[in-house]
Every structure is written in C-alpha cells, then in structure tokens.
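Some notes on the structure that comes next.
Numbering (the numbering used here), first residue to last: 15 to 202.
Structure representation (structure tokens):
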C-alpha cells in the first residue's frame, strides 16, 4: 500500500512535504505517552532471569525491526508496517499477561478486557495531542490494523473497520513479527 493511497484521517489534515502520512503516524506513536509507558510494563517476567525481564517497549522495538526488515524484502510499505508494529501493544495493562487476564476477569460483566480494543481507545481517545479533537488522529490503515491485529473480529463497536475483509498485508506482517519476537525470546 502506498501512503498516497491511504483512506486518510478521521480529522483531515494537510499533507506534509517532508514526511508521508505513515511516517507522521509513526512519529505520533513514538512521541505518545502510551508508547513511553511501554518501558515500565513487563511482557514476560521469568524469575530465574533476575533483572533481565522483558518490557513491552523492548518487545515492541523488536517487532518493529523484524517487521520492517521483512517488509523491505517483500516490497511492502516499510513505514506502514513500522507504525503498525509500534502501535500494536499500546493498550496492554501492567503486569504482563497475568495483568491482562485478571483485568479481563474483573471486567467480564461488561464485555471483558481486550488489549487490541484498548490500543484503539488509546490512539483514538485517551491520547490528548490536539486541542480540536481527541487522540492521535492516525491514518485509517493504522487504526484498522490495530483493530484487526489478530485477524477478523465481530465486536459491534469495530464494524466501521469492515470485519469481512482480511487485514492489510502490512498488518499481517506486523502480526507475524509480533509472534516471531515473542517466540524467539526464549532463544536469547
């Protein structure tokens, strides 16, 4: 997908001559408070590794690097896959997978907790970057890729992202990069 073929932003903005839309998205993600907070959230805590635990930030940077490299080899949009990879874990709560499971259990009466939906809430509502609208005002493709991170979905609040279509190739690649970065952690 080419940046110029983007479906745009919810709140239209003029093009910028020095960066593509997806480069602007990447920069907005990297400069967001949610991205910086990834440094303090564990992904996997393995007791015998002592202070060498894995943070969401480390994992996210690995996902981005793997995804961008493979995107280049496949001729996909590197900037798009990088922005998707950098945003994929923004909605994770603290305390790793155990924290997410407990939060899901506590919220079960109101639909449970899903970190992908929370990531979308973070970029669309919780980040406060602009005085005229909430969120980061990311491109449609980034937001749709966050919503479809693990494939198709049937949640009513996400129907605007056309649940009957497959995720973009760049989104599928970021998902594979996520799995590779997570699974190869044990080989370090």
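All C-beta atoms, glycine included, are put in the ideal place defined by N, C-alpha and C.
Predicted, not measured: the structure shown is a model, and the values here were computed from it.
Local Cβ density within 10 Å of residue 85, reported as buried at 16 or more and exposed below that: buried
Tell me which residue opens and which closes the alpha helix (DSSP H) that residue 49 is part of. 47-51
By Cβ distance below 8 Å, which residues in the same chain neighbour residue 91 in space, the five residues on each side in sequence not counted? 15, 16, 17, 36, 85, 184
Alpha carbon to alpha carbon, how far is residue 159 from residue 98? Give it in angstroms, no decimals. 7 Å
Would you decide whether residue 87 is buried or exposed? Buried here means 16 or more other CB atoms lie within 10 Å of its CB. exposed
Taking all protein chains shown into account, decide if residue 22 is buried (16 or more other Cβ within 10 angstroms of its Cβ) or exposed. exposed
What is the DSSP secondary structure of residue 72, reduced to helix, strand or coil? helix
Range of the contiguous alpha helix (DSSP H) that encloses residue 95: 92-101
Check this for me: beta carbons of residue 129 and residue 114, under 8 Å apart or not? yes
For residue 44, report the span of its alpha helix (DSSP H) as first-last. 35-44
In three-state DSSP terms, what is residue 116? helix
Contact belief for residue 39 with residue 73 at Cβ below 8 Å, rounded distance in angstroms: That pair is no contact at about 20 Å.
Do you know offhand how far residue 155's Cα is from residue 116's? 31 Å
Alpha-carbon to alpha-carbon, residue 112 and residue 126: 14 Å
Segment limits, alpha helix (DSSP H) that includes residue 132: 129-135
Out of 45, 124, 140, which one is the CA nearest neighbour of residue 100? 45
Boundaries (first-last residue) of the alpha helix (DSSP H) holding residue 196: 183-197
Which class does residue 149 belong to by DSSP, given the choice of helix, strand or coil? strand
Best match in 89, 110, 138 for proximity to residue 187 [C-alpha to C-alpha]: 89
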